[in-house]
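The block underneath contains the structure these notes are about, expressed in structure tokens.
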Amino acid sequence: TIDPFTNQFVESSAIRSNSLGLSTGMVLFNGFQNHLNLRRAKLAEASAEAQREIAENNVVLTIAGAFLNVLFQEEFERVAEYNRQATARQVDRMQSMVTAGAAAEFDLYDVEAQLAADEANIVSTKNALGLAKLNLVQLLQLPASEADGFELVRPSDEDLQRTDLPSSPEAAVAYALGSFPEIRQAQLQVEDAFIGLDIAKANRYPRLFASYNIGTGYSGASRSIDSSVPPSLEEFVLGSYVLDDSTSYDLIAQQEVYNFITTPFDDQLSQNFNQSVFFSMSIPIFNNFSVKSSIEQAEVSALSAQYQLEQTKQTLTTSIESAWADARAASEQTLAQEAALVAAERAFLNTEKRYEAGAATAIDYADARTLFDNARVNTLRAKYDLAFKSRILDFYMGKAMTFR
190 TIDPFTNQFV
200 ESSAIRSNSL
210 GLSTGMVLFN
220 GFQNHLNLRR
230 AKLAEASAEA
240 QREIAENNVV
250 LTIAGAFLNV
260 LFQEEFERVA
270 EYNRQATARQ
280 VDRMQSMVTA
290 GAAAEFDLYD
300 VEAQLAADEA
310 NIVSTKNALG
320 LAKLNLVQLL
330 QLPASEADGF
340 ELVRPSDEDL
350 QRTDLPSSPE
360 AAVAYALGSF
370 PEIRQAQLQV
380 EDAFIGLDIA
390 KANRYPRLFA
400 SYNIGTGYSG
410 ASRSIDSSVP
420 PSLEEFVLGS
430 YVLDDSTSYD
440 LIAQQEVYNF
450 ITTPFDDQLS
460 QNFNQSVFFS
470 MSIPIFNNFS
480 VKSSIEQAEV
490 SALSAQYQLE
500 QTKQTLTTSI
510 ESAWADARAA
520 SEQTLAQEAA
530 LVAAERAFLN
540 TEKRYEAGAA
550 TAIDYADART
560 LFDNARVNTL
570 RAKYDLAFKS
580 RILDFYMGKA
590 MTFR
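Take the sequence shown: its position 240, counted from the start at 1, is 429 in my numbering, and no numbers get skipped.
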């Protein structure tokens with residue numbers, strides 16, 4: 190058997206040996222790729238944060254729309270209930286007139302049909318309100334069982350309406366382009382793309398590496414002098430010499446004989462300790478043009494990221510300009526619908542008086558009522574449309590989306 194530490198043959202069937210080692214290495218230079226990768230990781234973290242803000246903004250807009258939809262459906266339900274009560278009064282009145290012989294029975298059928306339609310409309314509005322509440326509860330990640338008892342704090346009409354809309358969208362555009370997470374994320378992607386280009390170019394540079402190794406070992410065949418036992422003297426024949434008379438004499442010498450023991454484990458670790466330092470360099474000479482190809486791809490990615498940034502700016506600008514135009518149009522539509530409501534209400538009240546006096550037919554009453562109902566619904570829709578679109582404009586200007 191060969192001793193792995195002395196490389197000598199030993200008369201033993203097995204040798205216990207242990208080897209211990211530790212090695213480490215580091216990159217001394219690789220075209221600053223480690224530094225660039227660290228910057229890229231920080232950019233990825235910032236981009237993820239921007240994406241989180243984008244998601245939060247989308248949730249805010251979605252919840253605001255759902256909130257206003259619940260308010261609209263509540264008012265729509267109240268209008269439907271008001272209509273049902275008004276029609277019920279007309280049914281009672283017509284029933285009395287028919288009983289007294291002052292009206293024909295078919296007139297009663299007309300108002301009873303209208304009452305049935307009003308009651309069906311109430312069922313429809315209740316269902317729409319329930320679905321609107323359920324949608325809002327789900328967006329708030331609350332149990333669906335809370336939808337029935339979910340009550341909203343209704344803002345006043347003064348809080349809902351907006352009369353101070355900006356005269357132009359420039360202020361909102363300037364704010365959004367400077368602070369919105371969509372722009373920040375696109376800018377981070379541009380910076381990331383140029384870092385990727387630098388990393389691709391770094392592959393053209395030589396790379397320098399360093400490594401350091403330490404080691405030691407233990408062998409059960411390693412022997413050392415036992416210092417606790419003194420050496421003994423032993424004679425041995427060194428040779429012989431012959432005199433002139435041909436007489437031969439042995440030359441006797443003495444040598445010290447030591448007592449050997451297995452070298453202790455700690456001593457062997459110290460004696461066999463070794464260390465080394467290595468330096469290596471990798472120089473790119475030819476790599477089948479892969480570096481050139483990766484650089485060209487990185488340049489395309491950087492150019493694409495710049496185009497994407499400009500596209501994001503243009504899209505955001507267009508969205509803000511559209512939001513401003515929508516808010517202005519909603520404001521004008523609200524004023525027009527309010528004027529139409531006043532006229533429709535006046536016409537309905539006049540027709541109602543004529544109908545009760547017998548100067549108008551049930552059809553005249555139903556037509557006036559339909560115009561009045563449509564005017565109320567359109568006014569409600571315009572009011573909440575303005576409330577939502579004006580808040581979107583506030584959102585683009587960096588204002589909190591509140592209804593108080």
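Glycine is no exception: its CB is placed at the ideal position from the N, C-alpha and C atoms.
Here the structure is a predicted model, which means the values were calculated and not measured.
Candidates the options: which alpha carbon is nearest residue i's?
i    : options                   : result
D562 : A235, T213 and R267       : R267
V489 : Q526, V379 and A557       : V379
F218 : N324, E359 and F468       : F468
Q274 : L304, S368, A589 and Y585 : L304
D307 : K322, A289, Y271 and N324 : Y271
P453 : G210, S416, I472 and E347 : S416
E263 : T436, Q330, P344 and L498 : P344
K322 : T288, A253, F462 and N310 : A253
Y401 : Q374, A494 and Q464       : Q464
S356 : A551, E340, A518 and F537 : A518
R309 : G290, D296 and T276       : In the sequence on display, residue 309 carries Ala and not Arg. That would be T276, whose Cα lies nearest to the Cα of A309.
I311 : A230, T540, A269 and E340 : A269
F256 : T288, A239, L328 and R282 : L328
I372 : A292, Y496, K231 and R228 : Y496
Y447 : I472, P419 and D433       : P419
For the alpha helix (DSSP H) that residue i lies in, which residues bound it at each end?
i    : result
T314 : E294 to L328
T550 : Note, T550: premise wrong, no alpha helix (DSSP H); not H, not E.
M286 : Q222 to A289
F478 : Per DSSP, F478 belongs to no alpha helix (DSSP H) and is neither H nor E.
S368 : E359 to S368
F454 : F454 to Q460
E347 : D346 to L349
Are residue i and residue j touching if we call contact CB-CB under 8 Å?
i    : j    : result
M569 : A516 : Residue identity check: residue 569 is Leu in the sequence provided, not Met. Contact flag unset, no.
A555 : A529 : no
A549 : R543 : yes
A361 : M590 : no
T457 : S408 : Here residue 457 turns out to be Gln, not Thr, going by the sequence shown. Yes. Within cutoff.
I474 : Q222 : no
F592 : L349 : yes
L505 : A365 : yes
L331 : V259 : no
S483 : N392 : yes
R228 : I403 : no
S429 : S437 : yes
Based on DSSP bridge pairs, tell me the residues matched to residue i.
i    : result
D439 : S429
S408 : S206
V446 : S421
I401 : According to the sequence provided, residue 401 is Tyr. The question's Ile does not apply to it. Paired residues: T213 and V466.
S413 : I450
F584 : DSSP output for F584 lists no bridge partner at all.
R396 : S471
F218 : L397
Determine the direct distance from the alpha carbon of residue j to that of residue i, and round the result to whole angstroms.
i    : j    : result
S413 : K390 : 59 Å
A382 : L492 : 8 Å
M470 : L386 : 23 Å
I509 : A302 : 48 Å
Y394 : A235 : 29 Å
D299 : Q526 : 29 Å
G367 : E534 : 48 Å
D439 : L427 : 8 Å
R278 : E347 : 33 Å
S579 : S520 : 9 Å
K502 : P370 : 11 Å
A679 : V216 : Because residue 679 is not part of the residues shown, which for the chain are 190 to 593, the question remains open.
L575 : N567 : 12 Å
F194 : E424 : Because F194 carries a pLDDT of 49, less than 50, the predicted location of this residue cannot be relied on, and the following value inherits that uncertainty. Their backbone Cα atoms lie some 32 Å apart in a straight line.
V431 : I441 : 14 Å
V480 : L250 : 46 Å
A571 : Q376 : 38 Å
V466 : S208 : 19 Å
A551 : A536 : 15 Å
A494 : G319 : 45 Å
D353 : T507 : 22 Å
T405 : G210 : 6 Å
L397 : D455 : 37 Å
Q500 : N539 : 57 Å
F265 : G338 : 19 Å
K588 : Q240 : 20 Å
L560 : E245 : 42 Å
E359 : W513 : 10 Å
With respect to the beta strand (DSSP E) encompassing residue i, which residues constitute its N-terminal and C-terminal limits?
i    : result
S465 : N463 to S471
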